[in-house]
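Q: My questions all concern the structure below.
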Amino acid sequence: MQGLTELRRNSRATELIALTTDTLDAQLKSLGAKAKRWVEAQGFKADAGSLVQVPNDDGSLRCVLVGVGRTDDIYALASLPQRLPAGDYRLGNDAIDVQRAALGWALGAYQFTRYKKPRRAPAQLAVDAAVIAAVAPLVEAATRTRDLINTPTEDLGPAELCAAVRDLGKAHGAKFREWVGDALLKNNFPTIHAVGRASHREPRLAELTWGKKGPHLVIVGKGVCFDTGGLDLKPADGMRWMKKDMGGAAHAIALAGLVMQAKLPLRLTLLIPAVENAVAGNAYRPGEVITTRPGITVEIDNTDAEGRLILCDALAYAAEQKPDLILDFATLTGAARIALGPDLPALFCNRDDIAQQLLDAGTAQQDPLWRMPLWRPYLTMLESHIADLANAGPSRHAGAVTAALYLERFVPETIPWAHLDVYSWNDGERPGKPKGGEAQGLRAYFEFLKKRYGTAG
């Protein structure tokens, strides 16, 4: 487990003492006068995120004092794997929640090393085996999400993304199938085909099914492996990080893995429409009208509003199965980032109780979500004079809302549905949140599912 190691009897791990400003004085007294003078000389006041290494008389490391704010903060120690000297450390007091601290430590130890050797080995936190077992699934799911998003499109195109679904299915005894290229047209997935047909890599739809009884959950993830914008071409700065446009698929795959690993008592379907939105002579064009899977006609106002097009066929297919719940994840709109910034995924849901349960789970897991309205009067912004609706419109207002309203058109009112517009990215380095691909809302959703469906007997 990255950043974590099992605490053993007679461990030589260095003691790590978590302190608040209120507990600093008492701790300094217990360390002795010499250590107290050393700590004071370093200017350590136990402010959140600060640390001081306390030496023995021979110069070896006696212990490390670290300041924390909230004692239940998952990220209280998350900067330490990259700040402390390599080696093993153990918590020397019970001032913080060990399991939450271990989760944050492991998230902070993450490094994407496929193309570059790590700059250093992270410091290891030694904890009980039970703690490692408790946090391991969440750490592995976050790592899977980050790794998929961080991988460049050359090595993670539609075929490779669907292969990740297939490999996950093999690991859990799930069934897998996919529709590739013109098979999408033959099986009535026209919008997925239209968006992906201009790429030299064929568009695909991957389906994983698992479980034989219980409520039926469908998870859908937007898998645009690279988005040029199509003929409505993005500028260079807008295209630079579009390898991350499959972030919704990465979240969906990781959540499905958590569900299967926990053996939640339900039936699961995972759907990943996987495409590249490319430019070629056969690229779909603004002004075209596509008849979607359920027969709703869509006029293409903008080829850069492609995510909702591949999702609408997948959502329609999901709805045909009459599931208990549909969850979709997508890096769908820049408007959501303008409204909420990079850290708050925009949640849209057609059930108030489910929305509140998701928000509560996000608060409990320190994995925040923010609910946005499905304000149906804004459907007028998606009107078309030649088709049932347009995939975008001339107004720049409420872009995240209109995108969600477009998706809602393909989910019957009788089926509970939640859509998460997620950034999937850290623009810079922060404790526990390294620059690059990021899992956002994943812990919240898994906590929600555990409470909704219970755990395996």
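Heads up, my numbering is the position in the sequence shown plus 257, with the first residue counted as 1. All residues carry an ideal CB built from backbone N, CA and C; glycine is no exception. All of these numbers come straight from a predicted model, not from anything done at the bench.
Skipping 5 residues on each side, what residues in its chain have a beta carbon closer than 7 angstroms to that of residue 409?
A: Counting only Cβ-Cβ distances below 7 angstroms, and skipping sequence neighbours, we find 500.
Q: In terms of residues, what are the limits of the alpha helix (DSSP H) holding residue 696?
A: Looking at the DSSP string, residue 696 is not in any alpha helix (DSSP H), and its letter there is neither H nor E.
Q: Helix, strand or coil: how does DSSP classify residue 357 here?
A: In the structure shown, residue 357 sits in a helix (DSSP, three-state: H, G or I).
Q: Between which two residues does the beta strand (DSSP E) holding residue 432 run?
A: Where residue 432 is concerned, the enclosing beta strand (DSSP E) stretches over 432-437.
Q: Quick one: does the C-beta of residue 285 sit closer than 7 angstroms to a heavy atom of the ligand SAH?
A: Absence of the ligand SAH is noted for the structure shown, with no ligands found whatsoever.
Q: Tell me the rounded alpha-carbon separation between residue 215 and residue 528.
A: Residue 215 is absent from the model: the chain starts at 258 and stops at 714.
Q: Applying the 10 Å Cβ sphere with the 16-neighbour rule, what's the burial state of residue 654?
A: By the neighbour-count rule (16 or more Cβ atoms within 10 Å), residue 654 is not buried but exposed.
Q: Note down the Cα distance separating residue 714 from residue 374, rounded to an integer number of angstroms.
A: Low confidence applies to residue 714: its pLDDT is 43, below 50, so where it sits in the model is not reliable, and the reading given next is rough at best. Rounded to whole angstroms, residue 714 to residue 374 spans 43 angstroms at the Cα level.
Q: Using a Cβ distance threshold of 8 angstroms, determine whether the stretch 659-677 contacts the stretch 559-566, with at least three qualifying pairs required.
A: Contact between the stretch 659-677 and the stretch 559-566 is present, because at least three Cβ pairs lie under 8 angstroms.
Q: For residue 478, name the three-state secondary structure that DSSP assigns.
A: Strand at residue 478.
Q: Could you spell out where the beta strand (DSSP E) holding residue 518 opens and where it closes?
A: Residue 518 -> not in any beta strand (DSSP E); alpha helix (DSSP H) instead, spanning 504-519.
Q: Which residue from 672, 575 and 321 puts its Cα closest to that of residue 551?
A: Considering only alpha carbons, the answer is 575.
Q: In three-state DSSP terms, what is residue 498?
A: Here residue 498 sits in coil by DSSP.
Q: Looking at residue 516 and residue 463, is the spacing between their C-beta atoms short of 8 angstroms?
A: Cβ distance not < 8 angstroms, so residue 463 and residue 516 don't count as in contact.
Q: With DSSP run on the structure shown, which of helix, strand or coil describes residue 429?
A: Residue 429: helix per DSSP, three-state reduction.
Q: Where do the N-terminal and C-terminal ends of the alpha helix (DSSP H) with residue 337 fall, by residue?
A: Here the alpha helix (DSSP H) through residue 337 covers 337-340.
Q: Can you give me the C-alpha to C-alpha distance between residue 698 and residue 612, rounded to a whole angstrom?
A: Cα to Cα, the separation comes out at about 13 angstroms.
Q: What separation, rounded to the nearest whole angstrom, lies between the Cα atoms of residue 228 and residue 301?
A: In the structure as shown, the chain begins at 258 and stops at 714. Residue 228 is therefore absent and cannot be evaluated.
Q: Cα-Cα, which of 293, 348 and 278 is closest to residue 271?
A: Of the candidates 293, 348 and 278, the one whose C-alpha sits nearest the C-alpha of residue 271 is 348.
Q: Applying the criterion that 16 or more other CB atoms from any shown protein chain within 10 Å of the CB defines a buried residue, is residue 198 buried or exposed?
A: Nothing can be reported for residue 198, as the shown portion of the chain is limited to 258 through 714.
Q: Tell me which residue opens and which closes the alpha helix (DSSP H) that residue 615 is part of.
A: Looking at the DSSP string, the run of the alpha helix (DSSP H) that includes residue 615 is 609-621.
Q: When the Cα atoms are used, what is the spatial distance from residue 326 to residue 335?
A: Residue 326 and residue 335: Cα-Cα distance of roughly 13 angstroms.
Q: In the DSSP assignment, find the unbroken alpha helix (DSSP H) run with residue 407 in it and report its ends.
A: Segment 386-407, the alpha helix (DSSP H) holding residue 407.
Q: Once you ignore the five residues that flank residue 691 on each side, which residues in its own chain have a CB closer than 6 angstroms to its CB?
A: Same-chain partners within the cutoff: 367.
Q: Quickly, what does DSSP pair residue 263 with across the bridge? List them, please.
A: DSSP, once it has assigned bridges, lists 384 as partnering residue 263.
Q: Start and end of the alpha helix (DSSP H) containing residue 284?
A: Looking at the DSSP string, the run of the alpha helix (DSSP H) that includes residue 284 is 281-288.
Q: Below 7 angstroms CB to CB, which residues in the same chain sit around residue 536 once its five sequence neighbours on both sides are set aside?
A: Same-chain partners within the cutoff: 455, 485, 487, 488 and 490.
Q: Measuring straight from C-alpha to C-alpha, what distance separates residue 497 and residue 265?
A: Cα to Cα, residue 497 sits roughly 46 angstroms from residue 265.
Q: Measure the alpha-carbon distance for residue 631 versus residue 586 and round it to whole angstroms.
A: Computed Cα separation, rounded: 16 angstroms.
Q: Rounded to the nearest angstrom, what separates residue 393 and residue 406 at their Cα positions?
A: Distance between the alpha carbons of residue 393 and residue 406: 20 angstroms.
Q: Could you please give me the residues that DSSP links to residue 561 through a beta bridge?
A: Paired residue(s): none; residue 561 is not in a bridge.
Q: Quick one: residues in its chain with C-beta nearer than 6 angstroms to the C-beta of residue 667, no 5 flanking neighbours on either side, listed in chain order?
A: Around residue 667: 569, 572 and 573.
Q: So, is residue 609 buried or exposed, given that buried needs 16 or more other C-beta atoms within 10 angstroms?
A: Counting Cβ neighbours within 10 Å, residue 609 comes out exposed, since fewer than 16 surround it.
Q: Keeping to the same chain, check which residues put their C-beta closer than 8 angstroms to that of residue 442; ignore five residues upstream and five downstream.
A: Around residue 442: 450.
Q: On the DSSP bridge list, what partners appear for residue 628?
A: According to DSSP, which records beta bridges pairwise, residue 628 is partnered with 604.
Q: Look up residue 272 in the DSSP assignment and say whether it is helix, strand or coil.
A: Residue 272 falls in the strand class under three-state DSSP.
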